[in-house]
Amino acid sequence: MHEIARACLGALGAFADNWSARLEYLYVDLGTVSGSLATPVIALSGAPLLVNYRSHVTDNILRFALNYRFSGT
Numbered sequence: 001m002h003e004i005a006r007a008c009l010g011a012l013g014a015f016a017d018n019w020s021a022r023l024e025y026l027y028v029d030l031g032t033v034s035g036s037l038a039t040p041v042i043a044l045s046g047a048p049l050l051v052n053y054r055s056h057v058t059d060n061i062l063r064f065a066l067n068y069r070f071s072g073t
């Protein structure tokens, strides 16, 4: 099972008739992935060359939006 951590901070405000703006910051931590794979390359020992990998996946996202509200609805 994978653990996913996230945090969000945002602000929304109107600045004119029917117009508003939104600013959001999101932090996402998707955890660590790791594994290994055999490549088609043959090592000096005659065995297939193995590659090990490990990566910690995170992202920082900043979003800005302008919203227009149509009158009557």
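Taking my numbering, the leading residue of the sequence shown gets 1, the next gets one more, and so forth.
Just so you know, even glycine gets a beta-carbon here, dropped at the ideal spot from N, CA and C.
Please read all numbers here as calculations on a predicted model, not as lab measurements.
Checklist entry - Quick one: what's D29 bridged to in DSSP? => result For this step, residue 29 is matched to residue 29 along the sequence shown. Answer is A5, T58.
Checklist entry - F70 by DSSP, collapsed to three states: which one? => result Indexing the sequence shown from 1 puts residue 70 at position 70. Three-state DSSP puts F70 in coil, outside helix and strand.
Checklist entry - If we count Cβ pairs, one from each stretch, closer than 8 angstroms, do we get three or more for the segment 41-55 versus the segment 1-14? => result no
Next on the checklist: Taking the straight line between their C-alpha atoms, what separation do you get for S36 and I61?
Outcome noted: Numbered from its first residue, the sequence shown carries residue 36 at position 36. Numbered from its first residue, the sequence shown carries residue 61 at position 61. Those two C-alpha atoms are separated by around 30 angstroms.
Checklist entry - Hey, how far is the Cα of A21 from the Cα of S34? => result Here residue 21 corresponds to residue number 21 of the sequence shown, with the count starting at 1. Here residue 34 corresponds to residue number 34 of the sequence shown, with the count starting at 1. Straight-line Cα distance between these residues: approximately 40 angstroms.
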